[in-house]
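To keep things clear, I will list the structure first and then write my remarks on it.
Number of protein chains: 2
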Amino acid sequence: MSKNAVVIYSGGMDSYTVLHRALSEGYTVHALSFHYGQRHAKELDVAADVCQTLGVTHKIVDIRAIHQLIGHSALTDDTQAMPRADYAEDNMQATVVPNRNMILLSLAIGHAVNIGANVCFYGAHGGDHAIYPDCRPEFVERMNAVAGIANYEPVEIRAPYLHASKGEILADGLALGLDYANSWTCYLGQSLACGECGSCRERLAAFAEHGLTDPLPYAQGGLDV
Amino acid sequence: MSKNAVVIYSGGMDSYTVLHRALSEGYTVHALSFHYGQRHAKELDVAADVCQTLGVTHKIVDIRAIHQLIGHSALTDDTQAMPRADYAEDNMQATVVPNRNMILLSLAIGHAVNIGANVCFYGAHGGDHAIYPDCRPEFVERMNAVAGIANYEPVEIRAPYLHASKGEILADGLALGLDYANSWTCYLGQSLACGECGSCRERLAAFAEHGLTDPLPYAQGGLDV
Chain X
589 MSKNAVVIYS GGMDSYTVLH RALSEGYTVH ALSFHYGQRH AKELDVAADV
639 CQTLGVTHKI VDIRAIHQLI GHSALTDDTQ AMPRADYAED NMQATVVPNR
689 NMILLSLAIG HAVNIGANVC FYGAHGGDHA IYPDCRPEFV ERMNAVAGIA
739 NYEPVEIRAP YLHASKGEIL ADGLALGLDY ANSWTCYLGQ SLACGECGSC
789 RERLAAFAEH GLTDPLPYAQ GGLDV
Chain F
589 MSKNAVVIYS GGMDSYTVLH RALSEGYTVH ALSFHYGQRH AKELDVAADV
639 CQTLGVTHKI VDIRAIHQLI GHSALTDDTQ AMPRADYAED NMQATVVPNR
689 NMILLSLAIG HAVNIGANVC FYGAHGGDHA IYPDCRPEFV ERMNAVAGIA
739 NYEPVEIRAP YLHASKGEIL ADGLALGLDY ANSWTCYLGQ SLACGECGSC
789 RERLAAFAEH GLTDPLPYAQ GGLDV
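Residue numbers (this note's numbering), protein chains in the order written: chain X, 589 to 813; chain F, 589 to 813.
Encoded structure:
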């Protein structure tokens, strides 16, 4: 049985934790980051630095050519306003990239088949359920059903934090000894995190939940949560 | 209910027939072709010509960047020998591109969501079942299960020739009045079809089954079937 695993690693705190979870389970990790035209491409630099430090194989795959297919999200279109509000359904629908996780998982599964890995990890988590249909448990379950038969070798999709809140992921990562200064969350991708987009707010709330201060510097000095 | 449909259209005879099947059912077709590093990129030129003549919206999406993820197929790697033999499992495993149809369908579904189409057509057919796991009925069934819930709007995957042989697809296309000189099948992608690769042999056999001569010129004068 192979101990190779593909990890979809964006550079954000969820997939940063997933990456270390896979390593702690003894997998030889092949990390994949995707440049799909996101405005916060800074997360890709953070991902590259982390993998280099860890000695983890890392590929950044430029799939911006697909932008012509799935445009029209505030995450990829800088002519659209980024919602500066809580990470709740009404505010965040503007950040939906059509079918994003199926696209990224299908590429990760293809890579897994190619290198002889039988597991793909990704960072879907409980907090995203209401907002992104492709982060829900039934999505993961059905993707697993098809990933099991789409190639000669079955591939298993694992989303270890599928039922966890952001705060619970953080708690797990802190227990693993992780330094979250090595993760990037802000959707805007400026030199400092904005502290105001839904993604920053959710991150700050997770630290506040544990009575901790986020080690990342913020342009606005953080959010008063 | 939208009458827009996305059709994955490679330029080959199966998807050429699917394209016309969708048109004949009254859909406004948005055709997608993918340049994924296939050696037979000539089929993309054929696809562009056909869509221009039909006045069908057509995008060619260059996804060669994913080659670094799913390399190692005789279809995409010109250092590998192309099997020159019948289109049977032993010969054709070299032409498997890992997870190809899940990748292409996930992109097509994303595009469907983006343009407000609720159907994606693709040309899986009965003859491919034994060879390509992602052309089998259970694959289509499970992809449909996930395509129904991966986005706010469900998308249906339709593979009208899933249970048809190549000969049956040809018969349907001939009944629609199609001219198969406007399709490209050969895996080698030279100026004339080789007549010897598994894909050419299968095509020629379909014409022979109907007592017809393929209108496409062949480098070798065709195969004696």
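For glycine and all other residues, C-beta sits at the position ideal for the given N, C-alpha and C. Owing to the predicted nature of the structure, the values given are computational and were not obtained by experimental measurement.
Where residue i falls: helix, strand or coil (DSSP)
{"i": "tyrosine 850 (chain F)", "result": "Because chain F here runs from 589 to 813, residue 850 (chain F) falls outside it and cannot be looked at."}
{"i": "serine 753 (chain X)", "result": "coil"}
{"i": "histidine 639 (chain X)", "result": "Per the sequence shown, the amino acid found at residue 639 (chain X) is cysteine instead of histidine. It is helical."}
{"i": "asparagine 687 (chain F)", "result": "coil"}
{"i": "leucine 620 (chain X)", "result": "strand"}
{"i": "glutamate 744 (chain F)", "result": "strand"}
{"i": "aspartate 722 (chain X)", "result": "helix"}
{"i": "lysine 814 (chain X)", "result": "It is not possible to answer for residue 814 (chain X), since the shown part of chain X is limited to 589 through 813."}
{"i": "tyrosine 806 (chain F)", "result": "strand"}
{"i": "histidine 713 (chain X)", "result": "coil"}
{"i": "valine 649 (chain X)", "result": "strand"}
{"i": "alanine 705 (chain F)", "result": "coil"}
{"i": "tyrosine 775 (chain F)", "result": "coil"}
{"i": "asparagine 770 (chain X)", "result": "helix"}
{"i": "glutamate 797 (chain F)", "result": "helix"}
{"i": "asparagine 592 (chain X)", "result": "strand"}
{"i": "alanine 738 (chain F)", "result": "coil"}
Top-ranked residue by Cα proximity to residue i, from the options
{"i": "leucine 620 (chain F)", "options": "F:Asn687, F:Gly643, F:Leu695, F:Cys788", "result": "F:Leu695"}
{"i": "histidine 713 (chain F)", "options": "F:Thr605, F:Pro805, F:Ala781", "result": "F:Thr605"}
{"i": "glycine 780 (chain F)", "options": "F:Lys630, F:Met690, F:Ala733, F:Asp602", "result": "Checking the displayed sequence, the identity of residue 780 (chain F) turns out to be leucine instead of glycine. Checked all of F:Lys630, F:Met690, F:Ala733, F:Asp602; the closest Cα to leucine 780 (chain F) is F:Lys630."}
{"i": "aspartate 637 (chain F)", "options": "F:Gly600, F:Gln656, F:Leu657", "result": "F:Gly600"}
{"i": "glycine 659 (chain F)", "options": "X:Leu632, X:Gly698, X:Asn732", "result": "X:Gly698"}
{"i": "tyrosine 768 (chain X)", "options": "X:Ile654, X:Tyr775, X:Ala700, X:Leu792", "result": "X:Leu792"}
{"i": "isoleucine 719 (chain F)", "options": "F:Val701, F:Asn687, F:Tyr740", "result": "F:Asn687"}
{"i": "proline 721 (chain F)", "options": "X:Leu657, X:Asn770, X:Tyr740, X:Gln626", "result": "X:Tyr740"}
{"i": "alanine 700 (chain F)", "options": "X:Gly777, X:Ala807, X:Gln656", "result": "X:Gln656"}
{"i": "cysteine 639 (chain X)", "options": "X:Asn770, X:Leu750, X:Gln626", "result": "X:Asn770"}
Same chain, Cβ closer than 6 Å to residue i, neighbours up to 5 away in sequence not counted
{"i": "phenylalanine 795 (chain X)", "result": "Asp802"}
{"i": "proline 742 (chain F)", "result": "Gly736"}
{"i": "arginine 609 (chain F)", "result": "Pro748"}
{"i": "leucine 758 (chain X)", "result": "Ala794"}
{"i": "proline 805 (chain X)", "result": "Leu780"}
{"i": "isoleucine 691 (chain F)", "result": "none"}
{"i": "alanine 752 (chain X)", "result": "His713, Gly714"}
{"i": "threonine 645 (chain X)", "result": "His618"}
{"i": "leucine 800 (chain X)", "result": "none"}
Assumed close pair residue i, residue j - CB separation to whole angstroms, cut-off 8 Å
{"i": "phenylalanine 709 (chain F)", "j": "isoleucine 596 (chain F)", "result": "7 Å"}
{"i": "serine 598 (chain X)", "j": "alanine 635 (chain X)", "result": "7 Å"}
{"i": "lysine 754 (chain X)", "j": "glutamate 784 (chain X)", "result": "Going by Cβ atoms, the distance from lysine 754 (chain X) to glutamate 784 (chain X) rounds to 17 Å, so no, they are not a contact pair."}
{"i": "tyrosine 535 (chain F)", "j": "isoleucine 648 (chain F)", "result": "Nothing about residue 535 (chain F) can be reported from this structure: the residues present for chain F run from 589 to 813 only."}
{"i": "valine 707 (chain X)", "j": "arginine 746 (chain X)", "result": "6 Å"}
{"i": "glycine 711 (chain X)", "j": "serine 603 (chain X)", "result": "4 Å"}
{"i": "asparagine 689 (chain X)", "j": "cysteine 723 (chain X)", "result": "7 Å"}
{"i": "alanine 807 (chain X)", "j": "alanine 733 (chain F)", "result": "Rounded, the Cβ-Cβ distance is 44 Å, inconsistent with contact."}
Cβ-based neighbour list, residue i, same chain, cut-off 7 Å, excluding 5 preceding and 5 following
{"i": "alanine 705 (chain F)", "result": "Ser590, Asn592, Ala593, Val594, His618"}
{"i": "leucine 821 (chain X)", "result": "This structure gives no information on residue 821 (chain X), because the portion of chain X shown stretches from 589 to 813."}
{"i": "leucine 632 (chain F)", "result": "Gly599, Ser621, His623, Ile648"}
{"i": "cysteine 774 (chain X)", "result": "His628, Ala781, Cys782, Cys785, Ser787, Cys788"}
{"i": "glycine 643 (chain X)", "result": "none"}
Own chain partners of residue i with C-beta closer than 8 Å, once the 5 adjacent residues on each side are dropped
{"i": "glycine 614 (chain F)", "result": "Lys591"}
{"i": "leucine 693 (chain X)", "result": "Ile596, Cys708, Tyr710, Met731, Ala735, Ile745"}
{"i": "leucine 766 (chain X)", "result": "Tyr604, Thr605, His608"}
{"i": "histidine 798 (chain X)", "result": "Gly755, Leu758, Ala759, Leu762"}
{"i": "alanine 738 (chain F)", "result": "Ile697"}
{"i": "alanine 653 (chain X)", "result": "none"}
{"i": "leucine 764 (chain X)", "result": "Thr605, His608, Arg609, Ser612"}
Heavy atom of the ligand NAD within 8 Å of residue i beta-carbon
{"i": "tyrosine 615 (chain X)", "result": "You won't find the ligand NAD in this model; it holds no ligand whatsoever."}
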